[in-house]
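One structure is given below, encoded as structure tokens.
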Amino acid sequence: MMEMSHMEDRPRREDLLKKPIKMLDLSSEMSIGDLVNGFSDTSFQARKIAECVDIYGEMLDRNHGKPMTIFMGLSGSVIAAGLRKVISDMIRLRFVDVLVTTGAVVYQDFYQSMGYGHYRGDPRTDDNMLHSHMIDRIYDTYVDEEKFRECDIKIGRIMEGTGGGRFSTRQFLSILGEHCLHERDSILGNAYKEGVPIYCPAISDSSIGIGLATAFKRGREEGVSVEDMFSVDTVRDNYEMAQIVNRSSSTGAIYLGGGVPKNYINDSIVMADMMFPGEFGHDLAFQITMDREQWGGLSGSTLSEAKSWGKIDEKATHSMVHIELSVGLPLIAGAVFELKGWRRRKGPQFLWNEDRLEALGLDGEESLAEGGESL
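Just so you know, the numbering used here puts 1056 at position 371 of the sequence shown, and the rest follows in order with no gaps.
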């Protein structure tokens, strides 16, 4: 009897052979959106890209029903990869509401905002020769170490100018963002203008940390007490993130790469549930990664695995595409930009009182497709 029941539960052969793979046709002129739509009926990572676009579109459409707060985790050398404007446009159009990133990303954005560049290089170059010229290499990209050190010093001076105090990384990066408003494509500057909080839980592991530590040393040598100096307090980040999750009607997660940003966005659910019991996992999620789950590493751990921790909701729609970020993000973001008609989305507005989130509401929506500002 049990064996018969099991047989009855099996899908029918004809049902399994209902959806044919369609051959991608590149013979006609097509946009990014057309290409990704074509991916939907292909296989392997192309179909996964189409799935991620569908999930992202659903995150954005939740504004017409149940509002969603979209978290984005960002790691890797995205600015060296030429993705700075893509990310700043995602912020400017409110296609992301909360950014969690590495210190390297926000530091290199600040470096560019100060007028310094990333340059085409060669991975086969003599690195000892580069070091003698104070040029740093990021695979096939060069940056100016002399200008890096100028930025380190400038960041330290900016924080010294605050007069001291304890800051969450959101508060600190907002201060840096105010110094980047002159640069249209700055991630920090656009986040400041749009009120998009940026969190950097491993901020000391970056050139920002070096700049702050140098300023700290200078203050100690001048006799300033530790209590009177500035400090970056990442525990306050946890408190703030938990409040954002708690006040959000629903949450979605985008993971560009993995590492600390991915884990932190997932842990925000656990933080919120510990402080405000009754929280559920992210409702929608997708990840672009090159890592594999078999190695037990965080970047490759599946989003389904995160369900066992309660970080992704048991009914969540999610997908992972295994593709290098400099290729995957322009395809996904470009298709979403096109399909959404370049509209500035309604996004949550955060009303902060120090580290207390007093209110979370929605702003207005304006069309950029009809005479509005273009990307």
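Ideal Cβ placement from N, Cα and C applies to all residues, glycine included.
Please list the terminal residues of the continuous beta strand (DSSP E) segment that includes Thr987. Position 302 of the sequence shown, counted from the first residue, corresponds to residue 987. First-last for Thr987: undefined, no H or E at that position.
Return the CA-CA distance between Glu990 and Ser871, expressed in angstroms with no decimal places. Within the sequence shown, residue 990 is the residue found at index 305, counting from 1. Within the sequence shown, residue 871 is the residue found at index 186, counting from 1. So the alpha carbons of these two residues sit roughly 35 Å apart.
Give the secondary structure of Asp952 by DSSP, where H, G and I count as helix, E and B as strand, and everything else as coil. Sequence index remark: in the sequence shown, residue 952 carries index 267 (1-based). Looking at Asp952 - three-state DSSP - the assignment turns out to be helix.
Give me whichever residues DSSP pairs with Ile883 in a beta bridge. Stepping through the sequence shown from its first residue, residue 883 is reached at position 198. According to DSSP, which records beta bridges pairwise, Ile883 is partnered with Leu784.
Ile820 beta carbon less than 8 Å from that of Asp829: Reading the sequence shown from its first residue, position 144 is the one you call residue 829. Reading the sequence shown from its first residue, position 135 is the one you call residue 820. Contact flag set, yes.
So for Thr936, helix, strand or coil by DSSP? Counting from 1 along the sequence shown, the entry for residue 936 is found at position 251. Here Thr936 sits in strand by DSSP.
Report yes if the C-beta distance between Gly937 and Met744 is below 8 Å; otherwise report no. Taking the sequence shown and counting its residues from 1, the one referred to as residue 937 is at position 252. Taking the sequence shown and counting its residues from 1, the one referred to as residue 744 is at position 59. Yes, the Cβ-Cβ distance between Gly937 and Met744 is below 8 Å.
Beta-carbon gap between Phe852 and Phe901 smaller than 8 Å: Along the sequence shown, one-based indexing puts residue 852 at 167. Along the sequence shown, one-based indexing puts residue 901 at 216. Not in contact: Phe852 and Phe901 (Cβ atoms no closer than 8 Å).
C-alpha distance - Leu988 paired with Ser953, whole-angstrom precision: Locating residue 988 in the sequence shown gives position 303, where the first residue counts as 1. Locating residue 953 in the sequence shown gives position 268, where the first residue counts as 1. Answer to the nearest angstrom: the Cα atoms are 15 Å apart.
For Ala1001, which of helix, strand or coil comes out of DSSP? Working through the sequence shown from its first residue, we reach residue 1001 at position 316. Looking at Ala1001 - three-state DSSP - the assignment turns out to be strand.
Between Gly963 and Gly849, what straight-line distance do the alpha-carbon atoms span, to the nearest angstrom? Counting from 1 along the sequence shown, the entry for residue 963 is found at position 278. Counting from 1 along the sequence shown, the entry for residue 849 is found at position 164. Roughly 37 Å separates the two Cα atoms.
Three or more C-beta pairs below 8 Å linking the stretch 989 to 1003 and the stretch 1011 to 1022: no
Report the rounded CA-to-CA distance for Ala731 versus Glu714, giving the unit in angstroms. Translated into positions along the sequence shown, residue 731 becomes position 46. Translated into positions along the sequence shown, residue 714 becomes position 29. Cα to Cα, Ala731 sits roughly 19 Å from Glu714.
Assuming Leu768 contacts Ser1011 under a Cβ cut-off of 8 Å, what Cβ separation, rounded to an integer in Å, is found between them? As a position in the sequence shown, residue 768 is number 83, starting the count at 1. As a position in the sequence shown, residue 1011 is number 326, starting the count at 1. Taking the Cβ atoms as the reference, Leu768 lies roughly 6 Å from Ser1011, within the contact range of under 8 Å.
Between Tyr792, Leu778 and Met926, which has its C-alpha nearest Asn948's C-alpha? The sequence position of residue 948 within the sequence shown is 263, counting from 1. Looking at the Cα atoms, Met926 is the closest of the given residues.
Under DSSP, the beta strand (DSSP E) around Arg822 begins and ends at which residues? One-based indexing of the sequence shown puts residue 822 at position 137. Unbroken beta strand (DSSP E) run through Arg822: Ile820 to Ile823.
8 Å Cβ cutoff met for Pro1033 and Leu1047: Along the sequence shown, one-based indexing puts residue 1033 at 348. Along the sequence shown, one-based indexing puts residue 1047 at 362. Contact flag set, yes.
Quick one: using the 10 Å Cβ neighbour count with 16 as the cut-off for buried, is Glu736 buried or exposed? Position 51 of the sequence shown, counted from the first residue, corresponds to residue 736. Buried, by the Cβ-count rule.
Within the chosen definition, does the stretch 861 to 871 reach the stretch 1002 to 1017 through at least 3 CB pairs nearer than 8 Å? no
What residue from Ser933, Trp980, Glu907 and Ile895 has the CA that sits closest to Val917's CA? In the sequence shown, counting from the first residue as 1, residue 917 sits at position 232. The candidate whose alpha carbon is nearest that of Val917 is Ile895.
Nearest to Met708 by CA position, among Arg777, Asp726, Pro696 and Val721, is which residue? Here residue 708 corresponds to residue number 23 of the sequence shown, with the count starting at 1. Ranking Arg777, Asp726, Pro696 and Val721 by Cα distance to Met708 puts Asp726 first.
Just grab the DSSP bridge partners of Pro1033 for me. As a first step, residue 1033 must be located in the sequence shown, where it is residue number 348. DSSP lists Leu1047 as partners of Pro1033.
Contact set for Leu815: own chain, Cβ-Cβ below 6 Å, skip 5 residues either direction: For the purposes of this step, residue 815 is identified with residue 130 of the sequence shown, where counting begins at 1. Excluding sequence neighbours, Leu815 sits near Arg822.
Measure the Cβ-Cβ separation of Arg855 and Asp922 and say whether it is below 8 Å. For this step, residue 855 is matched to residue 170 along the sequence shown. For this step, residue 922 is matched to residue 237 along the sequence shown. Taking 8 Å as the Cβ cut-off, Arg855 and Asp922 qualify as a contacting pair.
Which listed residue (Thr974, Gly841, Ile973 and His818) has its alpha carbon closest to that of Glu831: Here residue 831 corresponds to residue number 146 of the sequence shown, with the count starting at 1. Per the Cα distances, His818.
Delimiting residues of the beta strand (DSSP E) encompassing Tyr827: The residue you call residue 827 lines up with position 142 of the sequence shown. First-last of the beta strand (DSSP E) with Tyr827: Thr826 to Asp829.
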